[in-house]
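Visitor: Residue numbers (my numbering): 62 to 515.
All C-beta atoms, glycine included, are put in the ideal place defined by N, C-alpha and C.
I'd like to ask some things about the structure below.
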């Protein structure tokens with residue numbers, strides 16, 4: 062037991078040491094992982110956009126909200142598991158830590174299997190509901206069916222990464238994703254250009270890479286003495302821990318589902334602008350992702366930092382850490398906003414050579430780049446509150462912002478038949494979400510309502 066406690070202290074324990082240094086050392090691998098994940102997704106779009114044109118690129122774009130609508134469930138519960146693990150880690154409760162890890166993996170298998178079945182069955186009906194054009198829907202259905210077949214690999218990668226990050230290890234998720242990203246690029250080129258599989262080849266490359274990432278993380282978790290995977294414990298998960306994980310993760314799952322549902326509804330409105338606009342919107346989202354992911358990485362560091370220090374009972378350190386992350390996010394978002402406004406459109410050429418797509422993408426990114434600081438602040442405060450176990454507030458603000466986004470898309474884009482209204486609606490909803498969560502954060506009530514999971 063003494064050796065195990067020493068191992069925990071020797072790991073990336075965020076409850077001790079200089080706040081900024083600890084946060085950065087933990088956040089940088091997460092930021093690199095998120096950027097790699099965007100590269101992972103961008104390569105799919107680049108390969109298919111250059112090989113098969115705007116219609117195929119649009120198929121990938123309309124598929125993303127459907128994927129996220131289903132994936133929101135396991136992503137939310139992954140957040141709940143990470144909170145339980147980070148607080149157990151911070152409290153040095155080794156027995157609960159081990160049981161939490163095995164219960165999390167058991168939950169991952171159950172959730173992943175359910176998503177696979179429902180995703181394969183309902184992906185095409187959802188695409189019809191979204192008014193996906195006839196020249197796009199067949200490719201989108203093929204892509205989604207294959208992606209959902211490989212859901213378990215994606216689930217185990219996300220849960221495995223959440224487990225390790227909860228214990229302060231952000232390096233191994235980066236290593237696993239790096240291996241997966243390289244494999245994905247190689248397979249994309251081989252399957253699409255070499256074998257001529259088209260959009261199906263992109264999907265198969267993605268799920269093979271994700272599955273490999275999940276296996277790498279499972280091996281890493283199993284090699285940690287106090288985190289050893291036990292088949293017996295996985296077959297007999299702790300009901301109390303499942304209840305806690307679900308209770309902490311459900312608000313985040315609902316938040317992710319609200320965001321995805323908002324995207325689905327918005328696309329059902331804007332798909333009437335045709336394949337060129339859908340492809341342009343896909344390019345904007347891909348470019349935007351490269352900016353969002355570093356900020357999202359900092360918000361994830363805030364979740365683990367707050368979780369560990371809540372577990373250790375160090376409230377003053379919690380407040381100090383949140384303020385430091387907010388300053389880093391502000392500096393990053395302003396810098397990236399300037400870069401994307403003046404030079405962001407140049408990246409669009411990587412996805413497509415069609416002038417009409419690039420022209421619209423340039424307009425979209427120049428609208429959204431003005432609200433990056435609001436987006437980053439929203440992410441950070443939401444991550445911090447989830448780490449404290451107060452997941453309802455980020456859920457409420459996100460759902461509110463996305464409902465407003467749907468209304469604004471209708472009145473700013475559909476009624477006047479102006480595709481730029483889609484981007485103005487997105488930017489406005491981000492500002493509104495930020496204002497709501499920042500107001501609640503300043504009131505301070507979340508500090509008194511935090512959930513101790515240990």
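(1) Pick out the complete alpha helix (DSSP H) segments inside the region 341–411, 4 residues or longer, and give them in chain order.
(2) Assign residue 174 to one of two classes, buried (16 or more other C-beta atoms within 10 Å of its C-beta) or exposed (fewer than that).
(3) Below 8 Å, can you find three or more Cβ-Cβ pairs linking the region 486–498 to the region 447–465?
(4) Does residue 449 come out as helix, strand or coil in the three-state DSSP assignment?
(5) Check whether the Cβ atoms of residue 121 and residue 187 lie closer than 8 Å to each other.
(6) If you follow the alpha helix (DSSP H) that residue 254 is in, where does it begin and where does it stop?
(7) Would you mind sorting residue 392 into buried or exposed? The rule is 16 or more other CB atoms within 10 Å of its CB.
(8) In the structure shown, what three-state DSSP assignment does residue 83 receive?
(9) If we ignore side chains and look at the alpha-carbon of each, how far apart do residue 407 and residue 437 end up?
(10) Can you tell which of 308, 291, 246 and 179 has its C-alpha closest to the C-alpha of residue 156?
(11) Nearest to residue 130 by alpha carbon, out of 484, 376, 413 and 326?
(12) With a CB to CB cut of under 6 Å and the five nearest residues on each side skipped, what residues in its chain are close to residue 425?
(13) Are the CB atoms of residue 166 and residue 204 nearer to each other than 8 Å?
(14) What separation, rounded to the nearest whole angstrom, lies between the Cα atoms of residue 241 and residue 263?
(15) Against chain C, with Cβ distances strictly below 8 Å, would residue 250 count as a contact?
(16) At the level of alpha carbons, what is the spacing between residue 180 and residue 88?
(17) Going by Cα to Cα distance, which pick from 189, 169, 177 and 195 is closest to residue 208?
(18) Can you find the residues in the same chain that come closer than 6 Å, C-beta to C-beta, to residue 310, ignoring five residues on each side of it along the sequence?
(19) Let me check understanding here. Comparing Cα to Cα, which of 272, 277, 119 and 217 lies closest to residue 163?
(20) Determine the closest residue to residue 499 out of 471, 441 and 159, with distance taken between C-alpha atoms.
(21) For residue 237 and residue 330, what's the separation of their Cα atoms in angstroms?
(22) Nearest CA to the CA of residue 361: which residue from 275, 404, 234 and 296?
(23) Can you round the beta-carbon distance between residue 339 and residue 197 to whole angstroms, since I take them to be within the 8 Å contact cut?
(24) In three-state DSSP terms, what is residue 220?
(25) How long is the line joining the alpha carbons of residue 511 and residue 132, rounded to whole angstroms?
(26) Do residue 373 and residue 195 have their C-beta atoms closer together than 8 Å?
(27) Leaving out five residues on either side along the sequence, give the residues of the same chain with a beta carbon under 8 Å from the beta carbon of residue 225.
(28) Here's a check: name, in chain order, each residue in its chain whose Cβ is nearer than 6 Å to the Cβ of residue 458, leaving out the five neighbours to either side.
(29) Using DSSP with H/G/I as helix, E/B as strand and the rest coil, what is residue 299?
(30) Using the three-state DSSP reduction, which class does residue 293 fall into: helix, strand or coil?
(31) Just verifying my parser: in three-state terms, what is the DSSP assignment at residue 237?
(32) Can you have a look at residue 215 and say buried or exposed, based on whether 16 or more other CB atoms are within 10 angstroms of its CB?
(33) Ordered along the chain, which non-local residues of its own chain (more than five positions away) have a Cβ less than 8 Å from that of residue 364?
(34) Identify every run of the alpha helix (DSSP H) within the region 424–486, keeping only runs that are complete inside it and at least 4 residues long; order them along the chain.
(35) Is the beta carbon of residue 402 less than 8 Å from the beta carbon of residue 430?
(36) So, for residue 454: in the same chain, excluding its five sequence neighbours on each side, which residues have a beta-carbon less than 6 Å away from its beta-carbon?
Guide: Put simply:
(1) Fully enclosed alpha helix (DSSP H) runs of 4 or longer: 376–404.
(2) exposed
(3) yes
(4) coil
(5) no
(6) From DSSP, residue 254 is part of no alpha helix (DSSP H); its letter is neither H nor E.
(7) exposed
(8) helix
(9) 23 Å
(10) 291
(11) 326
(12) Excluding positions up to five away in sequence, the list reads 345 and 484.
(13) no
(14) 14 Å
(15) In summary, chain C is missing from the structure at hand, where a single protein chain is found.
(16) 32 Å
(17) 177
(18) So the qualifying residues of the chain are 137, 138, 140 and 141.
(19) 217
(20) 441
(21) So the two alpha carbons sit approximately 38 Å from each other.
(22) It is 234 whose Cα lies nearest to the Cα of residue 361.
(23) About 7 Å separates the two Cβ atoms, so the contact holds.
(24) helix
(25) For residue 511, the predicted model reports a pLDDT of 49, less than 50, meaning its position is unreliable; a value from the coordinates is still stated below. Roughly 26 Å separates the two Cα atoms.
(26) no
(27) 231, 233, 234, 278, 281 and 282
(28) 494, 497 and 498
(29) coil
(30) helix
(31) In the structure shown, residue 237 sits in a helix (DSSP, three-state: H, G or I).
(32) buried
(33) 140, 143, 144, 147, 444, 445, 447 and 448
(34) List check, alpha helix (DSSP H) in window: 433–448 and 453–470.
(35) yes
(36) 446 and 501
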